[in-house]
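Count along the sequence shown starting at 1, add 3, and that's the number in the working numbering.
Structure first, commentary second.
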Amino acid sequence: MVSKHVNILNAKFKSEITSVNVVLCVSFPYISVTNVENRNYFLGAQDVSKYGYGSYTGEVSAEMLSDMGCKYVIIGHSERRLLFGETYHDISMKATLAVSHGITPIVCIGDIDESKKESQLREMCNHLPSDLVKNNELVIAYEPVYAIGTGNVLNSAEIEHACNIIRSTLANSKQRVLYGGSVSSKNIDSILETQGLNGVLVGGASIEVDEFYGICSAVNSLCHNLHQEG
Numbered sequence: 004m005v006s007k008h009v010n011i012l013n014a015k016f017k018s019e020i021t022s023v024n025v026v027l028c029v030s031f032p033y034i035s036v037t038n039v040e041n042r043n044y045f046l047g048a049q050d051v052s053k054y055g056y057g058s059y060t061g062e063v064s065a066e067m068l069s070d071m072g073c074k075y076v077i078i079g080h081s082e083r084r085l086l087f088g089e090t091y092h093d094i095s096m097k098a099t100l101a102v103s104h105g106i107t108p109i110v111c112i113g114d115i116d117e118s119k120k121e122s123q124l125r126e127m128c129n130h131l132p133s134d135l136v137k138n139n140e141l142v143i144a145y146e147p148v149y150a151i152g153t154g155n156v157l158n159s160a161e162i163e164h165a166c167n168i169i170r171s172t173l174a175n176s177k178q179r180v181l182y183g184g185s186v187s188s189k190n191i192d193s194i195l196e197t198q199g200l201n202g203v204l205v206g207g208a209s210i211e212v213d214e215f216y217g218i219c220s221a222v223n224s225l226c227h228n229l230h231q232e233g
């Protein structure tokens, strides 16, 4: 089933999605079937080990992901922080190892309490590896925990405010920031109204081929129009 979906998406991306970069971050068992020839997307993973080469049974290292063709990896998703106790140190180790093997980390950060948005975001940003931030070697995915899987999507002004907090804390106006949290084909247009947003991190909506393609198509149309105007 996964292989079939990948082939359908790859064909659509080749002919219709030409103005944006699409990254498919899949679970470890599906990386091999997603790593097709002549693919029109970047391959990514949903996690990586904090350890490098060595005797760590069951772990999947950055070197392994690189060997399998991965160019991106999601790190520090709120579910991993909550369910697996991932710490700032763990996330920093993973991000640094990923970059050392030519993989771009997509580091997830997000406020748990909306009333403490600024302080929580600044704390998370301050624990990111400063050298990776300085060299623009990571992507940040802003995912407010209360918006994940709930259908409660932030409006463009709220997302822009979060992006500004992130960039000001990191002292990097060029920091790439994505938005994640109940992204769907129904709300993608309003999300894309956000000034300074570099893209979206799609969660549950990515499971359905048509839904995911609809999101990619909307982003592609916006970028195509911007290129035409530019």
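Where a beta carbon is used, it is the ideal one built from N, C-alpha and C, also for glycine.
Here the structure is a predicted model, which is why all the values come from computation and not from measurement.
- Residue burial is scored here from C-beta neighbours: Val-5 has fewer than 16 other C-beta atoms within 10 angstroms and is therefore classed as exposed.
- Annotation for Ala-150: Val-156, Leu-157, Gly-184 and Ser-185 place their beta carbon closer than 7 Å to its own, counting only its chain and skipping 5 residues before and after.
- Out of Ala-14, Ile-20, Val-23 and Lys-177, the CA that lies nearest to the CA of Glu-40 is found in Ala-14.
- Note that the C-beta distance between Ile-168 and Gln-178 is not below 9 Å.
- Take the alpha-carbon of Ser-187 and the one of Leu-100: they are about 32 Å apart.
- Distance from the CA of Ala-160 to the CA of Ala-174, rounded to the nearest whole angstrom, comes to 21 Å.
- Nearest neighbour of Val-136 by Cα position, chosen from His-164, Asn-10 and Val-110, turns out to be Val-110.
- Counting the other Cβ atoms within 10 Å of the Cβ of Glu-89 gives 16 or more, which makes it buried.
- Counting other Cβ atoms within 10 Å of its Cβ, Lys-97 reaches 16 or more and is therefore classed as buried.
- Taking the Cβ atoms as the reference, Leu-46 lies roughly 6 Å from Lys-74, within the contact range of under 8 Å.
- Beta-carbon to beta-carbon, Ile-143 and Val-180 are separated by about 5 Å, close enough to satisfy the 8 Å threshold.
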